[in-house]
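Enquirer:
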Amino acid sequence: MCVLNLHSRRKISNVVFIVLASTCFCVAIIPLIAILYSTIAQGAAAVSLALFTQVTPPIGQNGGGILNAIEGSLVMVGLASLFGIPVGVLAGAYLSEYPSKFGYYVRLIAEVLTGVPSIVTGIFVYELIVATQHRFSAFSGGVALGFMMIPIVTISTHESLKLVSSSIREGGLALGISRAKTLVYVLLSTARSGVITGIALAVARVMGETAPLLFTALGSQFMMTSINGPAASLTVSIYEFGTSPYDNAHTLAWGAALVLLAIVLGLNVIVRLASRMKITGSD
Numbered sequence: 000m001c002v003l004n005l006h007s008r009r010k011i012s013n014v015v016f017i018v019l020a021s022t023c024f025c026v027a028i029i030p031l032i033a034i035l036y037s038t039i040a041q042g043a044a045a046v047s048l049a050l051f052t053q054v055t056p057p058i059g060q061n062g063g064g065i066l067n068a069i070e071g072s073l074v075m076v077g078l079a080s081l082f083g084i085p086v087g088v089l090a091g092a093y094l095s096e097y098p099s100k101f102g103y104y105v106r107l108i109a110e111v112l113t114g115v116p117s118i119v120t121g122i123f124v125y126e127l128i129v130a131t132q133h134r135f136s137a138f139s140g141g142v143a144l145g146f147m148m149i150p151i152v153t154i155s156t157h158e159s160l161k162l163v164s165s166s167i168r169e170g171g172l173a174l175g176i177s178r179a180k181t182l183v184y185v186l187l188s189t190a191r192s193g194v195i196t197g198i199a200l201a202v203a204r205v206m207g208e209t210a211p212l213l214f215t216a217l218g219s220q221f222m223m224t225s226i227n228g229p230a231a232s233l234t235v236s237i238y239e240f241g242t243s244p245y246d247n248a249h250t251l252a253w254g255a256a257l258v259l260l261a262i263v264l265g266l267n268v269i270v271r272l273a274s275r276m277k278i279t280g281s282d
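Take a look at the structure:
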């Protein structure tokens, strides 16, 4: 009798927790579906050839597109990747393979930086570059986004390398390969799926940032001629057009939001594909 009662209680508890988990899932996904539906429905109406071939117009004028905003976002994220990815990967590798008290504090700082509001990073780069050069620029925007990428890539690389079997590490050293070469040619190759996932997540994160670019790249209604001048971006364009009182500006804001959503979705697909790659040392 006691066994039957215990079995019944477990079945009831299992059903209750399944219902609770399902309810929480529905509560969490309903806002997501609403955001996706609104962005796709409103943004689809803005999709046209002009959206991708014309620059952003002055607020209040009809027509125009977001070509310069797409260009600016891609250039600044590219600059951020050139700066943030190598530093983040090397920092994560150092934390994993050369543990020390100094490394402990580096990891702590990286974890703290992941929670720092992006506007703080924007103000810091403004004082570091914009205020000293007396001009807004795409370069300073890329640096700001790069600073935001570093802690994300660092932590993800560190965690990925920790998952690599110690036998692979010891095998490389047993063959007489130096510790540095073992790290570069064996360990990072083995943990590449986790490293790629972290990089893709970092790029997706900075792609949607607005506050740092308001303090660094500012914005522009023209195509870029130099990374040392102001540059438009998708996020800043969405902010400026979305807060204006004109219908054409709202249409462009929804179109830019849909393009940004498509880019971020593509990056998340890369994350999924990378996460399915087998972590092996043979390929």
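Take the sequence shown: its position 56, counted from the start at 1, is 55 in numbering that gives the first Met the number 0, and no numbers get skipped.
Each residue gets a CB set at the ideal place from its N, CA and C atoms; glycine is no exception.
Just so we're clear, the structure is a prediction, and the values are computed from it rather than from any experiment.
So, does the region 239-254 touch the region 159-176, judging by three or more C-beta pairs under 8 Å?
Expert: Flag = no, the region 239-254 and the region 159-176 do not touch.
Enquirer: Evaluate the contact criterion for the region 72-84 versus the region 100-109: three or more CB pairs, one atom per stretch, below 8 Å.
Expert: The answer is no - the region 100-109 does not touch the region 72-84, with fewer than three Cβ pairs under 8 Å.
Enquirer: Should F16 go down as buried or exposed, given a rule of 16 or more other Cβ atoms within 10 Å for buried?
Expert: Walking along the sequence shown from the start, residue 16 turns up at place 17. Exposed, by the Cβ-count rule.
Enquirer: Answer yes if the region 151-169 comes into contact with the region 116-132, meaning at least three C-beta pairs across the two stretches below 8 Å, and no otherwise.
Expert: Because the criterion of three Cβ pairs below 8 Å is not met, the region 116-132 and the region 151-169 do not touch.
Enquirer: Whose CA, out of L144, F221, F138 and L260, lies closest to the CA of I118?
Expert: In the sequence shown, counting from the first residue as 1, residue 118 sits at position 119. Answer by Cα proximity: L144.
Enquirer: In its own chain, which residues sit with a C-beta less than 6 Å from the C-beta of L5, not counting the 5 before and 5 after it?
Expert: Counted from its first residue, the sequence shown places residue 5 at position 6. Here the set comprises nothing.
Enquirer: Smallest Cα separation from L78: which of S164, A137, F221 and L31?
Expert: Here residue 78 corresponds to residue number 79 of the sequence shown, with the count starting at 1. Among S164, A137, F221 and L31, the Cα nearest to that of L78 is on A137.
Enquirer: Exposed or buried, what is G62 when buried is set at 16 or more other beta-carbons lying within 10 Å of its beta-carbon?
Expert: Looking up residue 62 in the sequence shown gives position 63. By the 10 Å Cβ count, G62 comes out exposed.
Enquirer: For the alpha helix (DSSP H) that V142 lies in, which residues bound it at each end?
Expert: Here residue 142 is taken as the residue at index 143 of the sequence shown, counted from 1. A137 to K161 is the span of the alpha helix (DSSP H), which, as asked, contains V142.
Enquirer: Of all the alpha helix (DSSP H) runs that stay within the bounds of the region 163-202, which reach a length of 4 or more residues?
Expert: For the region 163-202, whole alpha helix (DSSP H) runs of length 4 or above, ordered along the chain, are 165-173.
Enquirer: Helix, strand or coil: how does DSSP classify M222 here?
Expert: Here the question's residue 222 lines up with position 223 in the sequence shown. M222 falls in the coil class under three-state DSSP.
Enquirer: Cβ of P229 within 8 Å of Cβ of S219?
Expert: Mapped onto the sequence shown, residue 229 falls at position 230. Mapped onto the sequence shown, residue 219 falls at position 220. Yes, Cβ-Cβ distance for P229 and S219 is below 8 Å.
Enquirer: Go through its chain and collect everything with a Cβ distance to S131's Cβ below 7 Å, but skip five positions before and after it.
Expert: Within the sequence shown, numbered from 1, the residue matching residue 131 stands at position 132. It is Thr, not Ser, that sits at residue 131 in the sequence shown. None.
Enquirer: Is Y125 helix, strand or coil by DSSP?
Expert: Translated into the one-based positions of the sequence shown, residue 125 becomes position 126. Y125 falls in the helix class under three-state DSSP.
Enquirer: When burial is assigned at 16 or more other CB atoms within 10 Å of the CB, is Y93 buried or exposed?
Expert: Counting from 1 along the sequence shown, the entry for residue 93 is found at position 94. With 16 or more other Cβ atoms within 10 Å, it is buried.
Enquirer: Keeping to the same chain, check which residues put their C-beta closer than 6 Å to that of L31; ignore five residues upstream and five downstream.
Expert: By one-based count along the sequence shown, residue 31 stands at place 32. Here the set comprises nothing.
Enquirer: Could you give the residue range of the alpha helix (DSSP H) that holds S80?
Expert: Within the sequence shown, the letter at position 81 stands for residue 80. Counting along the chain, the alpha helix (DSSP H) containing S80 begins and ends at L66 to E96.
Enquirer: Is it the case that the Cβ atoms of M148 and A201 are separated by a distance below 8 Å?
Expert: The count along the sequence shown starts at 1 and reaches residue 148 at position 149. The count along the sequence shown starts at 1 and reaches residue 201 at position 202. Closer than 8 Å, so yes.
Enquirer: For A90 versus T189, is the C-beta spacing smaller than 8 Å?
Expert: For the purposes of this step, residue 90 is taken as residue 91 along the sequence shown, with counting starting at 1. For the purposes of this step, residue 189 is taken as residue 190 along the sequence shown, with counting starting at 1. No; because the gap between Cβ atoms is not below 8 Å, this pair is not in contact.
Enquirer: What is the C-beta distance between Y238 and I58, in whole angstroms, given that I count them as a contact (C-beta under 8 Å)?
Expert: Looking up residue 238 in the sequence shown gives position 239. Looking up residue 58 in the sequence shown gives position 59. Incorrect: roughly 12 Å between the Cβ atoms, too far for contact.
Enquirer: Whose C-beta lies closer than 7 Å to the C-beta of G207 among residues of the same chain, with five residues either side of it excluded?
Expert: As a first step, residue 207 must be located in the sequence shown, where it is residue number 208. Cβ neighbours of G207 beyond the five flanking positions: T234, L259 and V263.
Enquirer: Check whether the Cβ atoms of M75 and S232 sit closer than 8 Å, and answer yes or no.
Expert: Counting from one through the sequence shown, the residue named residue 75 turns up at place 76. Counting from one through the sequence shown, the residue named residue 232 turns up at place 233. In this structure, S232 lies closer than 8 Å to M75 by Cβ.
Enquirer: Less than 8 Å between the C-beta atoms of L266 and A203, yes or no?
Expert: Translated into positions along the sequence shown, residue 266 becomes position 267. Translated into positions along the sequence shown, residue 203 becomes position 204. Cβ distance < 8 Å, so L266 and A203 count as in contact.
Enquirer: Tell me which same chain residues have a C-beta within less than 6 Å of the C-beta of F146, skipping the five on either side of it?
Expert: The residue labelled residue 146 in the question sits at position 147 within the sequence shown. So the qualifying residues of the chain are T120.
Enquirer: Within 10 Å of its beta-carbon, does T279 have 16 or more other beta-carbons around it, so buried, or fewer, so exposed?
Expert: Along the sequence shown, read from residue 1 onward, the residue named residue 279 stands at position 280. Since pLDDT at T279 reaches only 41, below the 50 mark, its modelled position is unreliable, and the value read off the structure follows with that caveat. So T279 ends up on the exposed side.
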